[in-house]
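Q: Sequential numbering of the sequence shown, starting at 3, is according to our numbering.
Glycine included, each C-beta is placed from N, C-alpha and C at the ideal position.
Following this message is one structure expressed as structure tokens.
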Amino acid sequence: MCGITGCIGDQEAAPVLMRGLKRMEYRGYDSAGIALLNQNGIEIRKAKGKLDVLEAHIQGNMPQGSVGIGHTRWATHGEPSDVNAHPHTDMKGEIAVVHNGIIENYLKLKHWLISEGCEFVTETDTEVAAHLLNYYDGGDMLQTIYKVMSVLQGSFALGIISSRNPDSLYCVRKDSPLILAKTSGASFFASDISALLEHSREVYLLEDMDVACLTKGDIVIRDGFGKVVRREAMRVDWSLEAAEKGGFEHFMLKEIHEEPKALRDTLNSHLSQDGAAISQDEMPVGAEEARRLQKITILACGTACYAGMIGRMLFEKLARVPAEVDIASEFRYRDPIVSPGDLFIIVSQSGETLDSIAAMREAKRLGGRVIAITNVVGSSIAREADAVLYTWAGPEIAVASTKAYISQIMVLTLMALDLAQKRALITEEEAGEALEELKRIPQQIQSVLDQKEVIQRFAHKTFDYNSIFFMGRGLDYALAMEASLKLKEISYIHSEAYAAGELKHGTIALIEPGTQVVMMATQDALLEKTLNNIKEVKVRGAQVLAVVGEGVGGVAEEVEEVWYIPRTNPLFAPMVGIIPMQLYAYYVALEKGCDIDQPRNLAKSVTVE
Ligand code: F6R
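This is how it looks when you write it as structure tokens:
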């Protein structure tokens with residue numbers, strides 16, 4: 003989604019803005035721009051395409067000035083084009099804005115502004131903000147901003163410069179993240195911590211309806227009522243290098259290789275000091291609540307939702323609590339039935355997915371208790387939930403989620419084990435044994451990574467398929483969903499995921515000679531049935547790749563290709579079983595020459611509905 007940044011200081015702002023935008027590239031975007039304030043007023047450079055297009059555009063013609071704003075745009079209102087790229091200005095070109103989010107009532111405001119004599123040059127919702135700032139400007143920029151905020155509906159983080167206030171830079175937040183940092187001679191804002199790390203490790207998170215005024219080295223934050231407030235500084239532990247490629251060709255490949263560490267860090271952070279038990283400081287459900295628990299609802303989007311599907315099965319199998327998974331974007335529109343105290347788990351890597359935030363708020367409004375599982379400390383979901391369990395996967399830059407996904411499964415597994423123990427379904431000793439198995443998983447993942455050449459060779463042979471079917475039963479079905487999503491989002495190959503037993507209720511009509519089927523078969527108890535499903539597609543001419551546990555016999559002779567994964571408790575197998583599928587998606591996309599880290603049309607953090 004869009005990334006916004008701004009700076010005011012002693013140095014030239016344009017290079018700082020360009021570096022900040024570069025750090026936010028991973029969010030996904032289709033155009034970019036910057037606006038600088040100088041003695042000539044506001045100078046804007048913007049262009050459709052990636053940042054190198056903008057870079058080429060400003061080469062030798064870099065706008066001067068020490069105050070500026072920048073933007074990477076992920077088009078929502080109006081096609082990606084030079085003119086629709088941000089920043090946008092009022093008619094006099096004296097106020098420029100960058101915006102992340104959606105102004106929901108922009109059409110109504112636009113019609114009204116046109117009737118007041120405003121001329122619009124873009125199709126964006128953002129342009130109304132620039133015209134409104136000019137329309138209401140009575141000389142006091144802060145008052146003007148409050149007035150404009152009171153008429154805007156929707157979600158927005160805005161960065162604002164004005165040639166009438168050349169010594170200040172402004173930003174506001176409503177339902178869209180905004181972070182500030184300062185040094186002795188400069189102040190900065192951005193929608194993403196990564197854009198600020200080169201300036202400071204200490205950042206300030208704006209709250210909803212906050213308005214910040216930045217000057218050289220100073221920041222004043224006011225809340226929605228205009229009162230000056232202090233926002234706690236947050237220390238960011240991860241380094242700039244953690245958000246760089248570290249010798250890998252793509253962030254995605256680097257992040258896949260970081261999975262053993264991500265799992266180890268996530269697991270250890272939730273264990274007691276001696277590592278023998280789940281830390282009770284961390285677990286948000288007490289013994290009494292665990293015993294009374296009637297239902298768990300998991301809310302999430304995309305990959306996080308597929309991690310939730312695995313969580314659902316673990317809650318039911320281990321803790322015997324009825325559980326369901328709801329797509330967050332659907333939840334609030336289906337008039338959900340919630341009883342006071344019902345437990346909800348929101349899973350979100352970024353903690354900023356608008357649909358997940360909205361579902362969380364709806365669950366809370368209806369009286370539910372919300373636990374967040376997120377990777378981003380201080381994110382909106384982390385701050386608004388009743389309790390948080392963090393995944394410690396480190397920054398995930400590639401749009402396609404990998405290490406965050408398995409870390410989410412790890413946290414859900416720990417929660418399920420904890421509930422099982424509190425509900426007296428497993429003993430302390432059994433829980434301890436399960437933890438020992440979990441501790442072995444990072445090493446098992448490493449051994450899959452060590453055999454990546456086999457997967458790369460297979461990808462080389464199969465990358466030009468038009469369509470691939472993924473199948474599995476039980477936990478393998480949830481795994482198939484994620485494997486299919488990974489492949490389609492980065493390689494653009496059409497793929498479907500099916501519960502293997504459901505195939506014959508319609509979809510098997512699509513199986514014909516040469517169709518590629520990937521059968522996830524990590525669940526030994528279901529193996530016999532899965533083998534039958536393999537036979538059903540084989541007799542119709544499908545080519546089958548199967549992923550099975552080491553030592554499982556009877557599969558290799560039935561299929562064209564088999565990949566063995568190290569054996570673990572079948573309930574924990576998804577964390578290992580997904581690794582070959584992530585690598586397969588990666589290598590197929592590589593063969594096809596796709597933009598792996600920033601697939602077309604996708605954004606890392608989906609902050610619009
Ligand atoms: C796919 C992917 C997305 C996200 C989804 C939710 O690889 O990353 O499907 O999982 O957009 O994002 P978060 O977890 O940030 O809420």
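1. In angstroms with no decimal places, state the Cα-to-Cα distance between Gln66 and Ser83.
2. What residue range does the beta strand (DSSP E) around Ser497 cover?
3. Would a C-beta distance cut-off of 8 Å place Gly579 and Leu528 closer than the cut-off?
4. Which partner residues does Trp565 have in the DSSP bridge list?
5. Could you check if Glu455 is buried or exposed, using at least 16 other CB atoms within 10 Å of its CB as the buried criterion?
6. For Ala278, name the three-state secondary structure that DSSP assigns.
7. Given that a residue counts as buried once 16 or more other Cβ atoms are within 10 Å of its Cβ, and exposed if not, what is Leu612?
8. Can you name the start and end residues of the beta strand (DSSP E) that His272 belongs to?
9. Which residues share a DSSP beta bridge with Ser33?
10. Using a threshold of 8 Å, state whether the C-beta atoms of Thr268 and Trp394 are closer than that.
11. According to the Cβ coordinates, are Ala384 and Gly353 closer than 8 Å?
12. What do you reckon, is the C-beta of Ala235 under 7 Å from a heavy atom of the ligand F6R?
13. Could you say which of Ile10, Leu440, Val85, Tyr28 lies nearest to Val401 if we only look at CA atoms?
14. Hey, Ile36 and Leu19: beta-carbon distance below 8 Å or not?
15. Once you ignore the five residues that flank Cys303 on each side, which residues in its own chain have a CB closer than 8 Å to its CB?
16. Would you check whether the ligand F6R has a heavy atom nearer than 7 Å to the C-beta of Gln584?
17. Give me, in chain order, the residues of the same chain whose beta-carbon lies closer than 6 Å to that of Ser186; leave out the 5 immediate sequence neighbours on both sides.
18. If I follow the unbroken beta strand (DSSP E) through Tyr172, where does it start and stop?
19. Three or more beta-carbon pairs under 8 Å between the stretch 50-68 and the stretch 126-137, yes or no?
20. Compute the beta-carbon to beta-carbon distance between Leu345 and Arg371, rounded to the nearest angstrom, for a pair I have assumed lies under 8 Å.
21. Considering just the uninterrupted stretch of the alpha helix (DSSP H) at Arg459, what are its terminal residues?
22. From the DSSP output, in three-state form, read off Leu182 for me.
23. Does the ligand F6R have even one heavy atom less than 7 Å from the beta-carbon of Leu255?
24. Please give the ranges of any beta strand (DSSP E) in the stretch 327-385, keeping only runs that are unbroken, at least 3 residues long and fully inside the region.
25. Out of curiosity, what's the CA-to-CA distance linking Tyr335 and Ala361?
A: Per the coordinate set shown:
1. Your numbering for residue 66 matches position 64 in the sequence shown. Your numbering for residue 83 matches position 81 in the sequence shown. About 24 Å.
2. As a first step, residue 497 must be located in the sequence shown, where it is residue number 495. First-last of the beta strand (DSSP E) with Ser497: 496-501.
3. On the sequence shown, position 577 is the one that residue 579 refers to. On the sequence shown, position 526 is the one that residue 528 refers to. No, these two residues do not count as a Cβ contact at 8 Å.
4. Here the question's residue 565 lines up with position 563 in the sequence shown. BP columns for Trp565 point to Val549.
5. By 1-based counting over the sequence shown, the position of residue 455 is 453. The residue is exposed, with fewer than 16 neighbouring Cβ atoms inside 10 Å.
6. Residue 278 sits at position 276 when you count from the first residue of the sequence shown. Here Ala278 sits in coil by DSSP.
7. The shown model of the chain, from 3 to 611, leaves out residue 612, and the question about it has no answer.
8. Against the sequence shown, residue 272 aligns to sequence position 270. Element bounds for His272: n/a, residue is neither H nor E.
9. Locating residue 33 in the sequence shown gives position 31, where the first residue counts as 1. Its beta-bridge partners are Lys50, Arg75.
10. Here residue 268 corresponds to residue number 266 of the sequence shown, with the count starting at 1. Here residue 394 corresponds to residue number 392 of the sequence shown, with the count starting at 1. By the CB criterion at 8 Å, Thr268 and Trp394 fall inside the cutoff.
11. The residue given as residue 384 occupies position 382 in the sequence shown. The residue given as residue 353 occupies position 351 in the sequence shown. Yes.
12. The sequence position of residue 235 within the sequence shown is 233, counting from 1. Flag unset: Cβ of Ala235 not near the ligand F6R.
13. By 1-based counting over the sequence shown, the position of residue 401 is 399. Out of Ile10, Leu440, Val85, Tyr28, Tyr28 has the C-alpha closest to the C-alpha of Val401.
14. Residue numbering aside, residue 36 sits at position 34 when the sequence shown is read from its first letter. Residue numbering aside, residue 19 sits at position 17 when the sequence shown is read from its first letter. Contact: yes.
15. To locate residue 303, count along the sequence shown from 1; it is residue 301. Within the same chain, Cys303 has close Cβ partners Ile329, Ala330, Ser331, Ser350, Thr355, Asp357, Ser358, Val608.
16. By 1-based counting over the sequence shown, the position of residue 584 is 582. Relative to the non-hydrogen atoms of the ligand F6R, the Cβ of Gln584 never comes closer than 7 Å to any of them.
17. By one-based count along the sequence shown, residue 186 stands at place 184. Only Gly219 meet the Cβ criterion.
18. Numbered from its first residue, the sequence shown carries residue 172 at position 170. Segment 171-176, the beta strand (DSSP E) holding Tyr172.
19. Counting C-beta pairs with one atom in each stretch, the stretch 50-68 and the stretch 126-137 have fewer than three that are closer than 8 Å, which means they do not touch.
20. Along the sequence shown, one-based indexing puts residue 345 at 343. Along the sequence shown, one-based indexing puts residue 371 at 369. Approximately 6 Å separates the beta-carbon atoms of Leu345 and Arg371; this is inside 8 Å, confirming the contact.
21. Numbered from its first residue, the sequence shown carries residue 459 at position 457. Where Arg459 is concerned, the enclosing alpha helix (DSSP H) stretches over 454-464.
22. Counting from one through the sequence shown, the residue named residue 182 turns up at place 180. It is a strand residue.
23. The residue you call residue 255 lines up with position 253 of the sequence shown. False, no ligand heavy atom lies under 7 Å from that Cβ.
24. Runs of the beta strand (DSSP E) inside the stretch 327-385: 345-350, 371-376.
25. Position 333 of the sequence shown holds residue 335. Position 359 of the sequence shown holds residue 361. Looking at the two C-alpha atoms, the distance is approximately 9 Å.
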